[in-house]
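Here is the structure we will look at.
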Amino acid sequence: MLLATVPIPPSPDFWQQAVRLLLRPGQPLGQALQEQGGSSLDFSGVQLMVPAFSHAQNFKAALARELRRPYIAPRINTLSGLLAMQPPGEQAPPSESERLMQLYAQLREHAWLKKMFSARRNADLLPLAHTLLALSDELTLALLPEIRAGAKDVAGADAAAGRWTQALAQLLEPLAPSAHGMLSDEAALVWQVWKSQLDAGDRIVQRFDAMLALAERASLPLVWVSPTEPEPLDAAFLDAYACHQPVRIVTLDWNRQAIAPLHPLYLSAWSELVREDDGAAPDGDAAEHAPPSRPAMPILCPATDLENAAVQSAQIVLRWLAQGKNEIAIVAQDRVTARRLRALLERAEVAVADETGWKLSTTRAAAALAAWNDLVSARGETNALLDLLKSPFVFPAEEGKADRVMRIEARLRRANIAGDWQALQAAFAEASDPQDLQWIITLAKQAARFGGRKTLAQWCDTQRALCQALGMEAALREDGAGEQCLLMLDEIAAEQGGLQDSFSFAEWRALLNLRLDATSYMPPISDRRVVMLPLNGARLRCFDAVLVIGADAAHLPSPPQETLFFSNAVRRELNLATRATRQRQQLRDLTELLCVNEEVVLCWQTLQDGEPNPVSPWLQRLELKLAQHGQPPLQSVNLPPPPRKLTAQSSQMPAPSAPALLPEKLSASGFGTFLACPYQFFAARMLRVAVMDELSDMPEKRDYGSWLHEILNRYHEHLRDHVTPLAARTALLAGISEEVFQREMQQHPAALAFHARWQKVMPAYLLWANEREAEGWHFAFGEQAQSQRLAWTGGGIELHGRLDRVDQNDNGERALLDYKTRSAASLKQKVRDEDDHQLAFYGLLAGGKMEHAHYVALELGADKKTGDAAAPDFERKQQMLKQQISTTMQQVGEGAPLPANGIESICQYCDMRGLCRKGAWL
């Protein structure tokens, strides 16, 4: 039987030409007409294979236009669809997960592999196993027909091995002898993996056997439609089929003789469209001259940045829709910009049918699973915990979840807890809502289940149990991507097969990430007016208009992907796709797109990260060829943003009034905020706008101050309650300090610096404290919360705070002491400042029962001593402050404005500057 090719140059009427050629006498469809004598149009005796089911509609529409009367269509299918209709084989091929983990289990046993590929742990070899399997499949696809053909001939039995040896020689020849050993090891590894996979259980081998069996049972003439030349497996199938029935291969014709008359301009600009051995152009240099009337050229759309590219593209698509175009293609070379474009179109209520899909790992559902694995890996690290709790799939049915998560986050940030399950549970042991602690306990129990080694099925069961415990399963089932994640877990468990090896959590996590990254998520398609697809997805298809996103040098042609040591020379020897063949095919896809579609817009970013981003070199060569032929350059489009009417408003200093929001309580720091800037007080204390504390592994000065408060309070309470000689006090203070700092250094090792800092201050502080005791002052109490009601006519406010320390002498006088991690000299300057109100405020808290007040320095001065700074006129300052608070708070309660009149030193670090927007009105 004959096997013949029906080549057709790329053109908008490809399918119409294909139908006409196939209806000619001697062709499958024409032969069917002749056998029926033209009385009926029954083509069901012909088998038609198309690349995708969407092409079947194109063929049937072209056939209907040609025949212009009812007909029975050929049997149309794809090769995969036809193979799926065949009886399954006796031996099911191993699943991808089983295959991958079997190879990985073998690789991790060899320490030399970890050294060769710089793997720090076993799990780092999993991507290597994935790459080796991909290489093995690629080799099988390219060499399996040759191996099968050679198996029938003893002389050709080692054809694959010989080709491998020749390819390796090509690689090693230009290299230094010292590099031969490493590359030989890599070559041996790939060769051994490939040979181990090449058996009757291999998926590709079984598919090839099914193809040959299908060819053996061939009973109908075959029409094979493909935009590219058949791959080796397909070519072997077609050869086998042609031994029983006629075969016609309908494909695009990229020969020079076919392209030159129709598209001389493109052939002149892109000579690599045809092979180098395709012969010279007809009529000498005819291809070097553009035709008098050039075909429709693409339109360029340069954009300054990503957002501008997305906005320009969205406006182009919306304009096409307004013009009545209902078949619009978006070719997504730049997936980042394409994602932004899709969001803009959906905002405009335009659905985008994505035929490529997105990596499942980029969905919110997969992010929830990844967040849990990150939390387990980080052993309860706070940021990982918060990321998990903020997922909409975690505890979705919990009432008031947002408030609870915010409360948990505020507590952890305020306490600066970096992580660890025990520290997390201790932080919520005294939480006001016991459910907060229950959440942490539930997560800690689930995390404990993710230890040890388990089989793949056991890991899947553990992951599913987690989803049930956190209420994730129901939420995932309601989400399309979430449902796909659950199905993937079930598939991994079912695909374990005979694999009984156990794996650690790190290995399971690496496998899950690989599967999520390799799986595509296809959103449901409800409207196909706008279709998003890759460049090769537009083959043999015609659209009303096409928009190409990413027509820059970084995306067109696509960047090459080299695998391990497989250089282009090696790939060429092994009959694998090389960088040149990939780029030639992509250039052909682009050329077909331009030849078939009348309106094509090419968009790209001219700047990326502040650097120029040039247009694709293919387009630069096309523009150069146009200039050489004296033709006008490619047109450009730049749509201005849609007009918007904005009302101009003069900016002025905000001065809100909110008498109903007067706080019920006022602290010393709160009143200090009011004095610094009334607007800051309004935003922070009345509106309660708060900025979350940043988690840090480095303790801050406020942490150091709180540790010293605890140390000194415990020390002086011990002196008050127990008679302690002077000689023993140094050891007592050192022991308490050591206990507190050791506890903190377990959580924050960087606290060691503050520990050393306090060690230098302790002797000076003990000297000062003993001298004060010798003057007759004794510790009364410390770290005690106090409050006092301050009333005025028609209202009042409660002053609250915590007193660091109160001393008392033998005369019954009391002194208020406030610790400061500053030197005595700076504190003496502070008390002389009339605006300093802190000690006076604490005096009011104590009900005016304090005769003296001091700041106590906990830092060494220039004289290597500590000390204190006494507040002058303490009684008068208390009365003045009392009157000031009463007057100002009463005015706020009566509606006085709260202007943003803080000075620059205050505004520089103000968290509320984004609200008052100082700088816009000043």
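In our numbering, the protein residues as written are 34 to 955. All C-beta atoms in this analysis are idealised placements derived from N, C-alpha and C, irrespective of residue type, glycine included. Note that the structure is a prediction, hence the values are computed from the model and not measured.
Proximity to residue i [Cα-Cα], best of the options
{"i": "S465", "options": "R440, E249, A448, G484", "result": "R440"}
{"i": "A502", "options": "Q471, D523, L489, K487", "result": "Q471"}
{"i": "W224", "options": "T854, L172, F241", "result": "L172"}
{"i": "A929", "options": "L520, A858, T164, P692", "result": "P692"}
{"i": "G643", "options": "P43, L799, L339, E379", "result": "L339"}
{"i": "L766", "options": "E697, V794, L100, F787", "result": "V794"}
{"i": "D851", "options": "L860, M505, A490", "result": "L860"}
{"i": "F76", "options": "T475, W801, D387, R108", "result": "R108"}
{"i": "S424", "options": "A435, T415, R446", "result": "A435"}
{"i": "G663", "options": "A578, L298, V634, N842", "result": "L298"}
{"i": "V839", "options": "E806, R865, V864", "result": "E806"}
{"i": "V889", "options": "C949, I918, L799, Q278", "result": "L799"}
{"i": "Q653", "options": "W791, P590, M725", "result": "P590"}
{"i": "Q779", "options": "P732, V364, W825", "result": "P732"}
{"i": "E727", "options": "L115, R446, V52", "result": "R446"}
{"i": "Q862", "options": "D901, M883, D837, Q841", "result": "D901"}
{"i": "A824", "options": "A783, Q923, E743", "result": "Q923"}
{"i": "L222", "options": "Y137, A610, L253", "result": "Y137"}
Same chain, Cβ closer than 8 Å to residue i, neighbours up to 5 away in sequence not counted
{"i": "D232", "result": "V238"}
{"i": "V307", "result": "W287, N288, R289, I292, L300"}
{"i": "N803", "result": "L759, R762"}
{"i": "F907", "result": "L872, A873, G876, M883, E884, H885, A886"}
Neighbourhood of residue i by C-beta, 7 Å cutoff - its chain only, sequence neighbours within 5 removed
{"i": "C636", "result": "C334, A336, A342, Q345, S346, L580, V581, I582, A584"}
{"i": "K951", "result": "A933, C940"}
{"i": "Y942", "result": "none"}
{"i": "L532", "result": "E131, M134, Q135, L489"}
{"i": "R946", "result": "C940"}
{"i": "K147", "result": "L158"}
Three-way DSSP call (helix, strand, coil) for residue i in this model
{"i": "K434", "result": "helix"}
{"i": "H811", "result": "strand"}
{"i": "M725", "result": "coil"}
{"i": "R53", "result": "helix"}
{"i": "F483", "result": "coil"}
{"i": "L205", "result": "Note on L205: pLDDT 49, under 50, position unreliable in the model; no value is reported."}
{"i": "R108", "result": "strand"}
{"i": "C710", "result": "coil"}
{"i": "Q819", "result": "strand"}
{"i": "A824", "result": "strand"}
{"i": "A320", "result": "Residue placement at A320 cannot be trusted, given a pLDDT of 40 that sits under 50; what the coordinates show is reported in the next sentence. In the structure shown, A320 sits in a helix (DSSP, three-state: H, G or I)."}
{"i": "Y852", "result": "strand"}
{"i": "N630", "result": "coil"}
{"i": "S259", "result": "strand"}
{"i": "N288", "result": "coil"}
{"i": "W637", "result": "strand"}
Cut-off 6 Å between Cβ atoms - residues of its own chain near residue i, not counting five sequence neighbours on either side
{"i": "L54", "result": "V39"}
{"i": "R572", "result": "P260"}
{"i": "E540", "result": "A156"}
{"i": "D442", "result": "Going by the sequence as given, residue 442 is Glu instead of Asp. Excluding sequence neighbours, E442 sits near L419."}
{"i": "I473", "result": "L457, Q458, F461"}
{"i": "G935", "result": "A709, C710"}
{"i": "S669", "result": "L333"}
heavy atom of the ligand FAD below 8 Å from residue i C-beta
{"i": "A362", "result": "The ligand FAD is not part of this structure, which contains no ligands at all."}
Contact with chain B by residue i, beta-carbon distance below 9 Å
{"i": "W145", "result": "Absent here is chain B; the protein component of the structure consists of one chain."}
(request) Would you check if there are 3 or more beta carbon pairs closer than 8 Å linking the stretch 390-409 to the stretch 474-485? (result) yes
(request) Could you tell me whether the stretch 669-681 touches the stretch 614-624, using the rule of 3 or more Cβ pairs below 8 Å? (result) no
(request) Spell out a yes or no on whether the stretch 907-922 and the stretch 868-887 are touching, meaning 3 or more CB-CB pairs, one atom from each, closer than 8 Å. (result) Contact holds: three or more Cβ-Cβ distances are below 8 Å.
(request) Run through the stretch 538-584 for me and flag every whole alpha helix (DSSP H) of 4 or more residues, listed as ranges in chain order. (result) Fully enclosed alpha helix (DSSP H) runs of 4 or longer: 538-551.
(request) Tell me the start and end of each unbroken beta strand (DSSP E) in the stretch 354-395 that is at least 3 residues and wholly inside, in chain order. (result) 361-365
(request) Only counting runs of 4 or more residues, tell me where the alpha helix (DSSP H) segments fall wholly within the stretch 864-940, in order along the chain. (result) Taking 4 residues as the minimum length, the alpha helix (DSSP H) runs contained wholly in the stretch 864-940 are 871-878, 907-926, 937-940, in order along the chain.
(request) Note down, one range per segment and in chain order, each beta strand (DSSP E) of at least 3 residues found wholly within the stretch 58-101. (result) 80-82
(message) My parser needs the alpha helix (DSSP H) runs of 4 or more residues fully inside the stretch 640-685; what are they?
(response) 650-661
(request) Identify every run of the alpha helix (DSSP H) within the stretch 436-496, keeping only runs that are complete inside it and at least 4 residues long; order them along the chain. (result) 454-460, 467-481
(request) Could you say if the stretch 544-555 and the stretch 391-404 meet the contact criterion of at least three C-beta pairs nearer than 8 Å? (result) yes
(request) Just list the alpha helix (DSSP H) runs in the stretch 405-431, keeping only unbroken ones of 4 residues or longer that don't cross its boundaries, in chain order. (result) 415-422
(request) Indicate whether the contact test is met: 3 or more Cβ pairs, each with one atom in the stretch 703-713 and one in the stretch 358-376, closer than 8 Å. (result) no
(request) Would you check if the stretch 493-509 and the stretch 110-118 touch, i.e. whether three or more CB-CB distances between them fall below 8 Å? (result) Segments in contact, no.
(message) Is it the case that the stretch 707-717 contacts the stretch 426-434, given that we only count it when at least three CB pairs across the two stretches are under 8 Å?
(response) no
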